[in-house]
Each structure stands twice: as C-alpha cells, then as structure tokens.
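Under the numbering used here, think of the first position of the sequence shown as 200, with each following residue one higher. We treat Cβ as the ideally placed atom computed from N, Cα and C, and that holds for glycine. Please read all numbers here as calculations on a predicted model, not as lab measurements.
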Amino acid sequence: MTQTPSQPGPTDLAVGDRIELIEMPDDPSPVAPGTQGTVTRIQPLWDHRIQLGVDWDSGRSLMLILPKDQYRKLASPTTSS
C-alpha cells in the first residue's frame, strides 16, 4: 500500500517499515525529499498528531510530525521461495 501525502497516519505503518520523504516543510534543517529510511518509533501526541521516528539512509535520525510532514510507504521487499 502506498501512503498518499494528504492522509498520513499510523495505521498503515509499523516499526521496521521503509518510507520515502516527500516533504518536511517546517524543519530548519530538513532531510532532503526523496531520502529513504526505516521507521523506528510511532508515538501519538496529545493534539492528534503523530511523531514518527526514522533512521534515514543518509545517516540522520530525525522525526517526522504527521500530518504536517509527508511521506510515502515503500513496498515491502518480496521474498522468493
């Protein structure tokens, strides 16, 4: 399932899922759009937002705040039998 940027939410993600950043508009030092990373934490906040911990492939660990920051969930790798 691909997450649409307009409706981010925790129900489609789990720790260990891979995502790609679309936009991080309010961060003074944002991760570059297109950067991929692994979800490390999903934390609901008091005001109905969600804090999403991500270890980015670039080496940074920077959280997303949903729904302001936008991402898309990457397809899980297929396994061959």
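Where the beta strand (DSSP E) through Arg240 begins and ends: Segment 235-243, the beta strand (DSSP E) holding Arg240.
Secondary structure of Asp226, DSSP reduced to three states: Collapsing the DSSP output to three states places Asp226 in coil.
DSSP three-state assignment for Asp254, whether helix, strand or coil: Note: Asp254 maps to strand in three-state DSSP.
At the level of alpha carbons, what is the spacing between Asp254 and Trp245? Our two residues, Asp254 and Trp245, have alpha carbons roughly 23 Å apart in a direct line.
Which residues mark the beginning and the end of the beta strand (DSSP E) in which Leu273 is found? Per DSSP, Leu273 lies in no beta strand (DSSP E) and is assigned neither H nor E.
If we ignore side chains and look at the alpha-carbon of each, how far apart do Ile148 and Leu251 end up? In this structure the chain extends from 200 to 280, so residue 148 is not present and cannot be described.
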